[in-house]
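These notes concern the structure reproduced below.
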Amino acid sequence: MAWTYLIVAGLGEMFGVLMINKFHSERSFLSLLLLAAGFTSSFVFLALAMETLPMGLTYAVWTGIGASGGALFGMLLYGEPRDGKRIFFLSLIIAAVVGLKLVSP
Numbered sequence: 000m001a002w003t004y005l006i007v008a009g010l011g012e013m014f015g016v017l018m019i020n021k022f023h024s025e026r027s028f029l030s031l032l033l034l035a036a037g038f039t040s041s042f043v044f045l046a047l048a049m050e051t052l053p054m055g056l057t058y059a060v061w062t063g064i065g066a067s068g069g070a071l072f073g074m075l076l077y078g079e080p081r082d083g084k085r086i087f088f089l090s091l092i093i094a095a096v097v098g099l100k101l102v103s104p
């Protein structure tokens, strides 16, 4: 169950980052509320995952999910560059997260 919590925490992190961008463009109370909800859920599920999984592993995977997801959504939704080098290095982050899962308890 800890890995499920960790994945949900990473998704909450990605959502929070997307809401930062939305808040900067809209400055609405709803986007601020969604931003807070995304990061709050992220930290709650991160804490739940850390009850079972080691801190270093948990933080590395959480950061990897958030960073790669934020970059991917930036490319898909906000027209950020999609050059081959960027995609290659994003795939390395994703591969590292998967690798940590494969070698972890």
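Using numbering that gives the first Met the number 0, you'd call the opening residue of the sequence shown number 0 and step up by one each time. Glycine included, every Cβ here is placed at the ideal spot set by N, Cα and C. Everything numeric in this text was worked out from a predicted model, so none of it was measured.
Asked                                                                                                                                                  : Found
Excluding five sequence neighbours on each side, which residues of the same chain lie with their C-beta closer than 8 angstroms to the C-beta of TYR4? : PHE44, LEU45, LEU47, ALA48
Tell me the rounded alpha-carbon separation between SER27 and VAL96.                                                                                   : 34 angstroms
On the CB-based measure, 16 or more other CB atoms within 10 Å of its CB, does GLY98 come out buried or exposed?                                       : exposed
So, is MET0 buried or exposed, given that buried needs 16 or more other C-beta atoms within 10 angstroms?                                              : exposed
How many Å lie between GLY73 and LEU89 at the Cα?                                                                                                      : 12 angstroms
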